[in-house]
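Residue numbers (UniProt numbering): 1 to 232.
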């Protein structure tokens, strides 16, 4: 579960920023990211996040966002797995939408080559060191053989990641330091603050008032010819 919570934070931040959008269920107005190809039948920990949110709402309602819960859960999971600790910047607000299409585009596939991975991370403002450091989270996760078997015996020489990988593999402190920097950097992607977004009462649904506003907005786009809500 520890690795799954770190992965959940990663998969949230790479799709329209760290806004808790991955936690949203399908509704009349939301197409959940949970059924996107990189997430379908593979993400875990949603129930844990919901349990944390319930406890927080009982103690201090309307204060801690689901996006912040994901960031904090990732940091605590790292520590519990005997990895590094970092001070998590807080103040994220929760998004009002999800984007399954963007999840299918932005989340790197397990069969990506190095160039594709670097491009995927660059879109998020992350560099090659971030790529190697964050990929190191797989050291306490798990992977299916089918996703990496074709890379076991065809290593290429000269990639600009070799020096970084060798440094991290021989110096745990260097890896931990880079990992914390990259996790903080990733956790700041596209965050909502101030009056943007909301603090959800339940992590898997937007608040009722926001949902009603969204439905009203959709109704205003109704096709006069067919009486149906237009595509979104």
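By construction, the Cβ of each residue, glycine as well, lies at the ideal position given by its N, Cα and C atoms.
All of these numbers come straight from a predicted model, not from anything done at the bench.
Short check: CB of residue i to CB of residue j, under 8 Å?
{"i": "residue 5", "j": "residue 93", "result": "no"}
{"i": "residue 83", "j": "residue 205", "result": "no"}
{"i": "residue 183", "j": "residue 74", "result": "yes"}
{"i": "residue 126", "j": "residue 87", "result": "no"}
{"i": "residue 91", "j": "residue 20", "result": "no"}
{"i": "residue 69", "j": "residue 52", "result": "yes"}
{"i": "residue 190", "j": "residue 89", "result": "no"}
{"i": "residue 165", "j": "residue 132", "result": "yes"}
{"i": "residue 117", "j": "residue 159", "result": "no"}
{"i": "residue 174", "j": "residue 129", "result": "no"}
Taking its Cβ as the centre, do 16 or more other Cβ atoms sit within 10 Å of residue i, making it buried, or is it exposed?
{"i": "residue 196", "result": "exposed"}
{"i": "residue 162", "result": "exposed"}
{"i": "residue 66", "result": "buried"}
{"i": "residue 7", "result": "buried"}
{"i": "residue 64", "result": "buried"}
{"i": "residue 41", "result": "exposed"}
{"i": "residue 203", "result": "buried"}
{"i": "residue 200", "result": "buried"}
{"i": "residue 34", "result": "buried"}
{"i": "residue 11", "result": "buried"}
{"i": "residue 231", "result": "Because the pLDDT at residue 231 is just 26, under 50, the model does not fix this residue reliably, and the point stays unresolved."}
{"i": "residue 219", "result": "At residue 219, the pLDDT of 42 sits below 50, so the modelled position is not reliable and the matter cannot be decided from this model."}
{"i": "residue 169", "result": "exposed"}
{"i": "residue 3", "result": "buried"}
{"i": "residue 138", "result": "exposed"}
{"i": "residue 80", "result": "exposed"}
{"i": "residue 37", "result": "exposed"}
Which one or two residues does DSSP pair with residue i in a beta bridge?
{"i": "residue 198", "result": "94"}
{"i": "residue 205", "result": "202"}
{"i": "residue 192", "result": "93"}
Where do the ends of the alpha helix (DSSP H) carrying residue i lie?
{"i": "residue 187", "result": "172-187"}
{"i": "residue 7", "result": "2-13"}
{"i": "residue 100", "result": "100-106"}
{"i": "residue 128", "result": "128-135"}
{"i": "residue 53", "result": "46-59"}
{"i": "residue 115", "result": "114-123"}
{"i": "residue 71", "result": "66-80"}
Contact the stretch 99-115 vs the stretch 12-32: 3+ CB pairs below 8 Å: yes
Cβ contact check for the stretch 107-124 and the stretch 40-50: 3 or more pairs under 8 Å: no
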